[in-house]
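Participant:
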Amino acid sequence: MAETPQIAGAWEARIITLFPEAFPGTLGLSLTGKALQEGLWQLNTIDLRQFGEGRHRNVDDTPAGGGAGMVLRADVVDKAIRTARGGTPVDRRQWPVIYLSPRGKPFDQAMAQRWSAAQGMTLLCGRFEGVDERVLEEHQIEEVSLGDFVLTGGEIAAQALIDATVRLIPRVLGNHASVEEESFSGHLLEHPQYTRPSQWSGRDIPEVLLSGHHGKIAEWRREQAERLTKERRPDLWRAYCAARNVNPDEDQEL
Numbered sequence: 001m002a003e004t005p006q007i008a009g010a011w012e013a014r015i016i017t018l019f020p021e022a023f024p025g026t027l028g029l030s031l032t033g034k035a036l037q038e039g040l041w042q043l044n045t046i047d048l049r050q051f052g053e054g055r056h057r058n059v060d061d062t063p064a065g066g067g068a069g070m071v072l073r074a075d076v077v078d079k080a081i082r083t084a085r086g087g088t089p090v091d092r093r094q095w096p097v098i099y100l101s102p103r104g105k106p107f108d109q110a111m112a113q114r115w116s117a118a119q120g121m122t123l124l125c126g127r128f129e130g131v132d133e134r135v136l137e138e139h140q141i142e143e144v145s146l147g148d149f150v151l152t153g154g155e156i157a158a159q160a161l162i163d164a165t166v167r168l169i170p171r172v173l174g175n176h177a178s179v180e181e182e183s184f185s186g187h188l189l190e191h192p193q194y195t196r197p198s199q200w201s202g203r204d205i206p207e208v209l210l211s212g213h214h215g216k217i218a219e220w221r222r223e224q225a226e227r228l229t230k231e232r233r234p235d236l237w238r239a240y241c242a243a244r245n246v247n248p249d250e251d252q253e254l
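For the record, in the sequence shown the residue sitting at position 32 is 32 according to the numbering used here, with numbers rising by one throughout.
1) Taking the alpha-carbon of A80 as reference, which of M70, A64 and R49 has the nearest alpha-carbon?
2) What's the call for W200, buried or exposed, on a 16-neighbour Cβ count within 10 Å?
3) Decide if T168 is buried, meaning its Cβ has at least 16 other Cβ atoms within 10 Å, or exposed.
4) Going by DSSP, which residues form a beta bridge with Q255?
5) Where does V90 land, buried or exposed, given buried means 16+ other C-beta within 10 angstroms?
6) Please state whether DSSP places V172 in a helix, a strand or coil.
7) List the whole-angstrom C-beta distance separating G120 from A13, where the pair is believed to meet the contact cut-off of C-beta under 8 Å.
8) Assess, as a yes-or-no matter, whether the region 157-165 is touched by the region 19-28 under the definition of 3 or more beta carbon pairs within less than 8 Å.
9) Between which residues of its own chain and H187 is the CB-CB distance below 7 Å, once the five residues before and five after are set aside?
10) Have a look at the DSSP bridge pairing and note the partners of W41.
11) Do the CB positions of L100 and S145 come within less than 9 Å of each other?
12) Which residue spans inside the region 48-123 form an unbroken alpha helix (DSSP H) run of at least 4?
13) Inspect the beta-carbon positions of E129 and G104 and report whether they are closer than 9 Å.
14) First and last residue of the alpha helix (DSSP H) that includes E142?
15) L123 to V97, Cα distance in whole Å?
16) So what does G212 bridge to, in DSSP terms?
17) With respect to the alpha helix (DSSP H) encompassing D235, which residues constitute its N-terminal and C-terminal limits?
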């Protein structure tokens, strides 16, 4: 990508990775890419290999106690973390440090909202069998998972987390109302969306959406969001009901 402007106070992502060439990747496209070019947020990669040991810059070693694969060394990762920490707030609420790990806390919209309100964040992309536990403990690194599956490394997950966070930064999307109305913002999945043509393949746009009656449209959308959430995400449905002091097991016509 072309050189981006450095705007003081812009939200920043620092990524520790063995594959800095993987970035910006999809983060350089569409609205996030435009916002990056405009300096609304900043992206900096830190090549973990430069901190490797010996002539071959080794960053990993065999697991203590035996087993398959390799583990990223604590001393190597420590140097990268300390480099990434330069000039950042000590308060982790203002600058979270995240390790992408399948054993971490599941990522959700609330995390993205919290991180977007910070000054920036550091993400450690794992490889092989993971990272020496001692360096995670030393730096009190928060572990976050994209889901119950395993990737070959943390780079793809890091891009997903950054994308979800950056789009919440003011002026990135341009229409803040769309952020407030989308899935997960209020424990509900988003209602179905339609556009022209009004009839396609024998299917019509629901009549209420063409009525021009904004109150009825809003009511229909809420009912559809509730129905989809109850059917597809019982966990979100329970959270939605709990926030409204409603029994989630009540038989309701949605």
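Cβ atoms here follow ideal geometry from the backbone N, Cα and C, with glycine treated the same way.
Facilitator: Looking at the coordinates:
1) R49
2) exposed
3) Thr is not the amino acid found at residue 168; the sequence shown has Leu there. Its Cβ being crowded by 16 or more others within 10 Å, L168 is buried.
4) For residue 255 there is no data in the structure shown, the boundaries of the chain being 1 and 254.
5) exposed
6) coil
7) 6 Å
8) yes
9) L236, A239, Y240 and A243
10) W11
11) yes
12) 74-84 and 109-116
13) no
14) First-last for E142: E142 to S145, but that is the beta strand (DSSP E), not the alpha helix (DSSP H).
15) 6 Å
16) Answer by DSSP bridge pairing: none, since G212 is not bridged.
17) P234 to A243
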